[in-house]
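The sequence shown begins at 441 in my numbering and counts up one residue at a time.
Report on the structure given below.
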Amino acid sequence: MFCPKCGSEHPDDSQFCRKCGQGLASPTSSGVSVGAGAAVAPARIQEVNSQEPPKPSSRWKRIPLFLLVLVIVLLVSYSLHNSASRESASHDSASHTQQPAKQQHFITVNNPNLHVNALAFNYFKLDVPSGATNVRLRGNFTASGGFTNDIEVYVLSTDDFVNWQNRHAAKSFYSSGTVTVGTLDVNLPADAGTYYLVFNNRFSLLTLRNVNVDAALTYVQ
Numbered sequence: 441m442f443c444p445k446c447g448s449e450h451p452d453d454s455q456f457c458r459k460c461g462q463g464l465a466s467p468t469s470s471g472v473s474v475g476a477g478a479a480v481a482p483a484r485i486q487e488v489n490s491q492e493p494p495k496p497s498s499r500w501k502r503i504p505l506f507l508l509v510l511v512i513v514l515l516v517s518y519s520l521h522n523s524a525s526r527e528s529a530s531h532d533s534a535s536h537t538q539q540p541a542k543q544q545h546f547i548t549v550n551n552p553n554l555h556v557n558a559l560a561f562n563y564f565k566l567d568v569p570s571g572a573t574n575v576r577l578r579g580n581f582t583a584s585g586g587f588t589n590d591i592e593v594y595v596l597s598t599d600d601f602v603n604w605q606n607r608h609a610a611k612s613f614y615s616s617g618t619v620t621v622g623t624l625d626v627n628l629p630a631d632a633g634t635y636y637l638v639f640n641n642r643f644s645l646l647t648l649r650n651v652n653v654d655a656a657l658t659y660v661q
């Protein structure tokens, strides 16, 4: 080493200059120290740059996260699809359970000796429930009594029956005219309704009529 004051050369482990008595700094691992008021000799410090291992590309880092998100989305979609399928199947099953198969129903209209007085009429009231379809009245009738053995037969709705019995204009689903024998084959509106099968003898002043009626009202519900 060299004395920073007089420049004399000394061994590296010297603490004082033998020529001028200047204190000499001992080298350390971290650098060179000098005495107070001494000029600092230039020193070269070698820096070692540590190099970190190369980091993986951020593009490849995102791939596992993307796959995880994709798997989660697929699982959620599959779960929702299965849930919707089960609800649909449950709804269909409940619908089949709550809606029994439609059946045909009968309302019998049978009287082998229906009396219809002179200047009067007699009738059968037919009630059709809500939801009924294919409503149909079929059968036959035969009249006897008096000189002509005849009767008038009508099929009327509730409103038209009220108008008819009060001798007002009325529409009818069936009107036989004055006959002795007749056949009923009448299609009626679907759904709920009340109808009247009327046997009229108001045209006869004195003689009652006896009517044999054999008919049935059918509908599907």
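For every residue, glycine included, the Cβ atom is placed at its ideal position computed from N, Cα and C.
- SER612 and VAL556 have their alpha carbons spaced roughly 20 Å apart.
- Remark: C-beta atoms of ALA655 and GLY585 do not approach each other more closely than 7 Å.
- Within its own chain, the residues whose Cβ lies closer than 6 Å to the Cβ of LEU646, once the five positions on either side in sequence are excluded, are ALA558, listed in chain order.
- ILE512 counts as exposed, since fewer than 16 other C-beta atoms from the protein chains shown sit within 10 angstroms of its C-beta.
- Per DSSP, ASP600 is one residue of the alpha helix (DSSP H) stretching across 598–605.
- If you compare the alpha carbons of THR548, LEU628, GLY633, THR618 with that of PHE639, the shortest gap goes to THR618.
- Between the region 620–632 and the region 514–533 there are fewer than three C-beta pairs closer than 8 Å, too few to call the two in contact.
- About 6 Å separates the Cβ atoms of VAL568 and TYR659, confirming a contact at the 8 Å cut-off.
- For the 7 Å CB-CB criterion, LEU464 and SER448 do not form a contact.
- By the Cβ-count criterion, CYS443 is buried, with 16 or more other Cβ atoms from all chains shown falling within 10 Å of its own Cβ.
- Between the alpha carbons of PRO552 and SER597 lies a gap of roughly 24 Å.
- At the C-beta level, VAL651 and PHE581 come within 7 Å of one another.
- Assignment of PHE546 by DSSP, reduced to helix, strand and coil, places it in the strand class.
- Classified as exposed, PHE587 has fewer than 16 neighbouring CB atoms from the shown chains inside 10 Å of its CB.
- Between the C-alpha atoms of LEU648 and ARG642 there is a straight-line separation of about 10 Å.
- ALA524 carries a helical assignment under DSSP once its states are collapsed to helix, strand and coil.
- The C-alpha of SER616 is placed about 14 Å away from the C-alpha of VAL653.
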